[in-house]
Amino acid sequence: MGFNATCTPGQDAGAAMIRVTPEVPALAIYLDPVNIAIQLPPFPGGSDVLMRFCRELSREAAKLADHLGNQEGRHALAEEAPDARS
1 MGFNATCTPG QDAGAAMIRV TPEVPALAIY LDPVNIAIQL PPFPGGSDVL
51 MRFCRELSRE AAKLADHLGN QEGRHALAEE APDARS
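First residue of the sequence shown? That's 1 in full-length UniProt numbering, and the numbers climb one at a time after it.
#1: Answer yes or no: do I18 and A26 have a C-beta to C-beta separation smaller than 8 angstroms?
#2: Using CA atoms only, rank isn't needed, just tell me which of P22, A16, Y30 and G2 is closest to T8.
#3: Could you tell me whether the Cβ atoms of L50 and L40 are closer together than 8 angstroms?
#4: Helix, strand or coil: which one does DSSP assign to V24?
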């Protein structure tokens, strides 16, 4: 299935690895209020495709986070546990 979307994360946005079934992992993206689940492709080698995608997504997300944290006049954001926020 293909689609294009543009969205922005809400205050409670997050992401998690979930299991659709015990054998089927997925990546859940909670955008607050929209949710997206990226599931294992249903073809031979699908787990390799999803693995490569997740690694690329991780690298590119880290680049964007670094860029946003290094903008002029902006302090770097420290990662905190959700319950440590004040």
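Glycine included, every Cβ here is placed at the ideal spot set by N, Cα and C.
As the structure is a computational prediction, the values presented were derived from the model and not from experiment.
Reading off the structure:
#1: Locating residue 18 in the sequence shown gives position 18, counting from the first residue. Locating residue 26 in the sequence shown gives position 26, counting from the first residue. Cβ atoms of I18 and A26: closer than 8 angstroms.
#2: Translated into the one-based positions of the sequence shown, residue 8 becomes position 8. That would be Y30, whose Cα lies nearest to the Cα of T8.
#3: Reading the sequence shown from its first residue, position 50 is the one you call residue 50. Reading the sequence shown from its first residue, position 40 is the one you call residue 40. Yes, they are a contact pair.
#4: Along the sequence shown, read from residue 1 onward, the residue named residue 24 stands at position 24. In this structure, V24 counts as strand in the three-state DSSP scheme.
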